[in-house]
Amino acid sequence: MATRGRRILFGAGIFLGIVVVAAMAAYGGRDNLLRYTLNPSRSFGEGAQATAPDYANAISWAQLPQSTKPVDVFFIYPTTYFSGEYWNAPISNDAVRERLSHVIDPLYAAPFAGAANIFMPLYRQAAPYSFMGASEDGRNARELAYADVAAAFKVFLKDHNAGRPFIIAGYGQGALYGFRLVGELAPEVRRRMIAAYLIEVAIPVEIISSSTPLCDSPDQTGCMVIWVSTTQHGRGDLPRQNALVWRPGGGFDATRGRELACVNPLTWSISGRAGSADMNLGSAELSEFAT
365 MATRGRRILF GAGIFLGIVV VAAMAAYGGR DNLLRYTLNP SRSFGEGAQA
415 TAPDYANAIS WAQLPQSTKP VDVFFIYPTT YFSGEYWNAP ISNDAVRERL
465 SHVIDPLYAA PFAGAANIFM PLYRQAAPYS FMGASEDGRN ARELAYADVA
515 AAFKVFLKDH NAGRPFIIAG YGQGALYGFR LVGELAPEVR RRMIAAYLIE
565 VAIPVEIISS STPLCDSPDQ TGCMVIWVST TQHGRGDLPR QNALVWRPGG
615 GFDATRGREL ACVNPLTWSI SGRAGSADMN LGSAELSEFA T
């Protein structure tokens, strides 16, 4: 019996060891596993994402205002498509629309709604894998997403804005497209831009144009509020080292350790001064809205 018991314990120990090793291997290779899961199995341009939105049609907008306020916000939402099926999300995707209504609307766009008209176009956002490397398919996916945003903004100016002052707001990949949009504004349009609010995007300071500088005070206009969350020297420091940004003149570059634009959202300055904890007035809980 003793011998049999030792064999059982020995076998259990081997099994446990295999489980531990497998778990460690899975943890160590989690980035590669994630990449494999999100890597589209088809080439760029193949499938439903080839259908371009028609922004003259209200169905191509996630949100249009029901009344008229003195200021407009052109809002470009972040990644809401977490699939490896296509390089670009079809705007008819049910999961995208659900996340827009239950997460993006109440948590991201709602802070502007009390004072401004919200214009939020549906666009063929680039799939997450597009930002995990420098493949031609990924570059094409990001360019396609921006083409939709630029087309929506053109319709916004022509059919909706009526000469009102406006804000360009974007988060995540939406902020990346918003940054390029600001850079391509015609001078007469730029003069009506109150500010660009571009959050969670890695933008090197050296590519910020003097025509639209970073905001350095709460009442400054014609400027950009930009910041990105990062953990120095940790896994969360990826934006500082290898995020993709627009290259002046076209294409993309990696951040490669360059100084990133940061307007402190508590102090509204670029001085580098930290804000104290009591300056943070709180935040919304996702559980309040995700029903």
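Numbering (the numbering used here), first residue to last: 365 to 655.
Note that beta-carbon positions come from the ideal geometry of N, C-alpha and C, so glycine has one too.
Query raised in the report: Would Asp501 be called buried (16 or more neighbouring beta carbons within 10 Å of its own) or exposed?
Result: buried
Requested in this report: For Val589, write down the residues that DSSP places opposite it in a beta bridge.
Outcome: Tyr561
Requested in this report: Return the chain-ordered ranges of every alpha helix (DSSP H) run that is complete within the segment 452–534 and spans a minimum of 4 residues.
Outcome: 458–463, 474–477 and 500–519
Query raised in the report: In three-state DSSP terms, what is Phe543?
Result: helix
Query raised in the report: Once you ignore the five residues that flank Leu398 on each side, which residues in its own chain have a CB closer than 6 Å to its CB?
Result: Note that Leu398 scores a pLDDT of 42, beneath 50, so its modelled location is shaky and nothing firm can be said.
Query raised in the report: Under 9 Å between the Cβ atoms of Asn525 and Asp436?
Result: yes
Requested in this report: Please state whether DSSP places Gln427 in a helix, a strand or coil.
Outcome: strand
Query raised in the report: If you count every other CB in all the chains shown that lies within 10 Å of the CB of Arg620, and 16 or more means buried, which is it?
Result: exposed
Query - Contact between the segment 636–643 and the segment 578–588 (3+ Cβ pairs under 8 Å) - result: no
Query - Rounded separation between Ile440 and Glu552 - CA only - result: 22 Å
**Report entry** First and last residue of the uninterrupted beta strand (DSSP E) at Val437
**Finding:** Asp436 to Ile440
**Report entry** Sufficient close CB pairs (3 or more, under 8 Å) joining the segment 459–466 to the segment 504–515
**Finding:** no
Query raised in the report: Roughly how many whole angstroms lie between the Cα atoms of Ala459 and Tyr487?
Result: 14 Å
Query - Residue of Glu564, Phe476 and Ala420 minimising C-alpha distance to Pro434 - result: Phe476
Query - Residue span of the alpha helix (DSSP H) that contains Val553, given as start and end - result: Pro551 to Arg554
Report task. Assuming Leu491 contacts Asn452 (C-beta within less than 8 Å), just tell me the rounded distance between them. Result -> The amino acid at residue 491 is misidentified as Leu; the sequence shows Ala. Right, their Cβ atoms sit about 7 Å apart.
Requested in this report: Could you please give the first and the last residue of the uninterrupted beta strand (DSSP E) stretch that includes Phe616?
Outcome: Phe616 to Ala618
Query raised in the report: Three-state secondary structure (DSSP) at Val569?
Result: helix
Query - 7 Å Cβ shell around Ala514 - same chain, five flanking residues per side excluded - result: Leu545
Query raised in the report: How close, in whole Å, do the beta carbons of Gly547 and Pro442 come, if the pair is a contact with beta carbons under 8 Å?
Result: Between Pro442 and Gly547 the Cβ distance is about 20 Å, and since that is not below 8 Å, they are no contact.
Report task. May I ask you to report which of helix, strand or coil DSSP gives Arg394? Result -> Low confidence applies to Arg394: its pLDDT is 38, below 50, so where it sits in the model is not reliable, and the reading given next is rough at best. In the structure shown, Arg394 sits in a helix (DSSP, three-state: H, G or I).
Query raised in the report: Among Phe446, Glu410, Gly478 and Val519, which residue has its Cα nearest to the Cα of Trp425?
Result: Val519
Query raised in the report: From this set, Asn481, Cys579 and Ile571, which residue's C-alpha is nearest Tyr560's C-alpha?
Result: Correcting the residue identity first, residue 560 is Ala in this sequence and not Tyr. Looking at the Cα atoms, Cys579 is the closest of the given residues.
Query - Neighbour-count burial assignment, Asp469, 16 or more Cβ in a 10 Å radius - result: buried
Query raised in the report: Shortest alpha-carbon distance to Ala550 belongs to which of Leu428, Thr576 and Ala420?
Result: Thr576
Query raised in the report: Cα-Cα, which of Ser635, Asn421 and Ser407 is closest to Gly523?
Result: Sequence inspection shows Asp at residue 523; the Gly mentioned does not correspond to that position. Of the listed residues, the one whose Cα sits closest to Asp523 is Asn421.
Report task. Tell me whether Pro404 is buried or exposed, calling it buried when 16 or more other Cβ atoms sit within 10 Å of its Cβ. Result -> buried
Query raised in the report: How many angstroms separate the CA atom of Gly381 from the CA atom of Gly536?
Result: A caution first: Gly381 carries a pLDDT of 43, below 50, which makes its placement in the model too unreliable to give a value.
Query raised in the report: Whose C-beta lies closer than 6 Å to the C-beta of Arg622 among residues of the same chain, with five residues either side of it excluded?
Result: Pro568
Query - Check whether Ala618 and Ala533 have beta carbons under 9 Å apart - result: no
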